[in-house]
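Data first, discussion second: the structure below is written as structure tokens.
Here's what the structure looks like:
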């Protein structure tokens, strides 16, 4: 347990596919917690800023295909020794072999209320359905 004089530092790996993760990415980096970024190999305008941020700040970065998700990431994650995997707008379910690697667990931040808005683009569906309220779910 960390004392007031000794903060608890963790190695956090961020999995993302959107600029929506940038505030969290920057905050984790500024606190010295961000140790790697994983993105789908479908680079587009929405996630290009995150890739550039990783390159500019020498943060380990990998873009992967869905078919290489398990095999490529196990090898890539091992030397980084993650304490936490954090997914924000990452489009694929992570296999059990990956979510069990970090010592303090794996978490998903979803911009929607579960179970109604599970899956991709929950913000779009909340807007399309003209919901009067939104939600953020961490699980």
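Residue numbers (this note's numbering): 648 to 786. Glycine residues also receive a C-beta, built at the ideal position from the N, C-alpha and C atoms. All values reported here derive from a predicted model rather than from experimental measurement.
Residue state for residue 740 is assigned as coil, using DSSP reduced to three classes.
Here residue 705 is exposed. Its C-beta has fewer than 16 other C-beta atoms within 10 Å. Taking every protein chain shown into account, the CB of residue 659 has 16 or more other CB atoms within 10 angstroms, so this residue is buried. If the five residues before and after residue 698 are omitted, its C-beta is found closer than 7 Å to the C-beta atoms of 686, 690 and 708, all from its own chain and listed in chain order.
If you keep only unbroken beta strand (DSSP E) runs of at least 3 residues inside the region 672-751, you get 681-687, 708-711 and 731-735. Counting C-beta pairs closer than 8 Å gives three or more between the region 747-755 and the region 724-737, which meets the contact rule. Less than 7 Å separates the beta-carbon of residue 734 from that of residue 662.
Annotation: the continuous beta strand (DSSP E) that includes residue 659 extends over 659-663.
The Cβ neighbour count for residue 714, taken over all protein chains shown within 10 Å, is under 16; the residue is labelled exposed. A direct Cα-Cα distance of roughly 6 Å separates residue 656 from residue 680. Under DSSP, residue 668 takes part in no beta bridge, so it has no partner. Within the same chain, 663, 664, 665, 667 and 668 come within 7 Å of residue 736 by CB-CB distance, once the 5 residues on both sides are set aside.
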